[in-house]
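Residue numbers (this note's numbering), protein chains in the order written: chain A, 1 to 227; chain B, 1001 to 1227.
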């Protein structure tokens, strides 16, 4: 029997590649998607399509209403910024940051992992071509792993691993890796704009980073863009 | 203006005393109660009564359905054990343990703290007269605090503190301290038994620990017990 891994799967490009890597390492995947009140709900239907395309048997869509917590353009009325020149500086975190989002997501993943008897959690965070969120940095993930080992039952905590296979890759590398594992990018959704239905806006941070990545990888992005 | 603190308030005895301590330290309290699918729902109405008695202005009841995660007598059909002789051994965790519960609760507290501009979180965990849950131990809480400092925006993370004022107190000490701060124990609910309505069962781990604490403190417990 293969080892189980809980894989965070948002419906975006990175987590789809992270899931493909987990699969290539022969893990039995427990995919976990959050319906957290994100305005770009299309993510969730994309996650379902990825699960189906990858023939993943276990998929939990977990509802947690982060709108109650506030403080982010992704869950509230704050406008998603467009055509921003993205510069990552340690002291500037964009308004699309959701307070402690990865900490909450990883904690629920940890609970599920403990419940199903898994010691492996995959998260598709990236600290190279990213928006500057603090909870994507390697030092944060290391501290999380240490905490997780103490958070669960003795035995369950030993050798717990938060896999972050993409953390040091460029977006172009992520796209090349995903391509090599047969990820169907047409099923992934990256756009932050809640209005994005059949096409992505092409102008939010996430679209800009994605387009640049495909360009650099020399791969055609199957997603349609408004601009 | 007083500093803000997010205070985890379950409706139980310990968190009520933890809130009273936060109040005595002049924090402006943001009380956070979880409706997590616990079978002992009476906790939540007790939390509301405590908030009202303590004149706390901000109270968020956050819904998160941990029944989906499974693995605990507090959220599933597993029977709550009765008349158990409680012995804390590092390798025995009772069936009332909810996987990663405190990690999830603290993570949502951390998100709310960041959103309202607070660096102080109070949790009423206790590692003396307790049920042997791993996520109540001081080493876990220290690791959580380190992780939290890296999880949030630079600046927000600096000096973040997970206050655990009860962690090394006996249950009797907690009761004496609560008494000194005027906590109305009649409004607190400790029983794990979902059938407990107007009276506590008196036989689950939580009732046994509570009764022993009142006895040792020489204080009368205003809660009625079936046995």
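Quick reminder that beta carbons are idealized off the backbone N, C-alpha and C, glycines included.
Rounded to whole angstroms, what is the Cα-Cα separation between residue i and residue j?
i	j	result
residue 1178(B)	residue 1099(B)	29 angstroms
residue 1225(B)	residue 1175(B)	18 angstroms
residue 1199(B)	residue 1061(B)	24 angstroms
residue 5(A)	residue 148(A)	15 angstroms
residue 166(A)	residue 153(A)	29 angstroms
residue 1213(B)	residue 1114(B)	35 angstroms
residue 142(A)	residue 1064(B)	26 angstroms
residue 67(A)	residue 1083(B)	42 angstroms
residue 1117(B)	residue 218(A)	44 angstroms
residue 1043(B)	residue 36(A)	25 angstroms
residue 1085(B)	residue 1092(B)	13 angstroms
residue 1101(B)	residue 1135(B)	8 angstroms
residue 107(A)	residue 7(A)	12 angstroms
residue 1010(B)	residue 155(A)	28 angstroms
residue 1125(B)	residue 1055(B)	23 angstroms
residue 1209(B)	residue 1016(B)	16 angstroms
residue 1193(B)	residue 1202(B)	9 angstroms
residue 1(A)	residue 1105(B)	33 angstroms
residue 1140(B)	residue 29(A)	28 angstroms
residue 1070(B)	residue 183(A)	31 angstroms
residue 1216(B)	residue 103(A)	39 angstroms
residue 109(A)	residue 1220(B)	42 angstroms
residue 133(A)	residue 1159(B)	19 angstroms
residue 162(A)	residue 146(A)	10 angstroms
residue 1048(B)	residue 1059(B)	8 angstroms
residue 1003(B)	residue 39(A)	32 angstroms
Could you give the C-beta distance for residue i and residue j, rounded to a whole number, given that I count them as a contact under 8 angstroms?
i	j	result
residue 20(A)	residue 181(A)	4 angstroms
residue 1095(B)	residue 1078(B)	5 angstroms
residue 18(A)	residue 122(A)	5 angstroms
residue 120(A)	residue 27(A)	6 angstroms
residue 1013(B)	residue 1188(B)	4 angstroms
residue 186(A)	residue 222(A)	4 angstroms
residue 1081(B)	residue 1205(B)	7 angstroms
residue 72(A)	residue 97(A)	6 angstroms
residue 151(A)	residue 138(A)	No, residue 151(A) and residue 138(A) are not in contact; Cβ-Cβ is about 20 angstroms, not under 8 angstroms.
Using a cut-off of 8 angstroms between C-beta atoms, extract the partners of residue i located in chain A.
i	result
residue 1146(B)	143, 146 and 147
residue 1093(B)	153 and 154
residue 1203(B)	Correct list: empty, because the minimum Cβ distance to chain A is about 24 angstroms.
residue 1134(B)	150, 151, 152, 153, 154 and 157
residue 1137(B)	150
residue 1103(B)	107, 110, 111, 147, 148 and 151
Three-state secondary structure (DSSP) at residue i?
i	result
residue 201(A)	coil
residue 1125(B)	coil
residue 1103(B)	helix
residue 7(A)	strand
residue 108(A)	helix
residue 147(A)	helix
residue 225(A)	strand
residue 1030(B)	strand
residue 164(A)	coil
residue 1062(B)	strand
residue 82(A)	strand
residue 120(A)	strand
residue 35(A)	strand
residue 1069(B)	coil
residue 1017(B)	helix
residue 1095(B)	coil
residue 1177(B)	helix
residue 140(A)	helix
residue 115(A)	helix
residue 57(A)	coil
residue 134(A)	helix
residue 1076(B)	coil
Below 7 angstroms on C-beta distance, what does residue i contact in chain A?
i	result
residue 1100(B)	107, 110, 111, 114, 151 and 152
residue 1123(B)	Chain A residues near residue 1123(B): none, gap ~13 angstroms exceeds 7 angstroms.
residue 1070(B)	115
How would you list, in chain order, the residues of chain B whose beta-carbon sits under 8 angstroms from the beta-carbon of residue i?
i	result
residue 140(A)	1147, 1150 and 1151
Taking only beta carbons into account, state which residues of the stretch 1055–1068 of chain B come closer than 9 angstroms to chain A, listed in chain order.
With the criterion set as a beta carbon lying under 9 angstroms from some beta carbon of chain A, the members of the stretch 1055–1068 of chain B are 1060, 1062, 1063, 1064, 1065, 1066 and 1068, in sequence order.
Under 8 angstroms (Cβ pairs) to chain B, residues found in the stretch 20–36 of chain A
none
Using a Cβ-Cβ cutoff of 8 angstroms, what residues of the stretch 156–182 of chain A are near chain B? List them in chain order.
157
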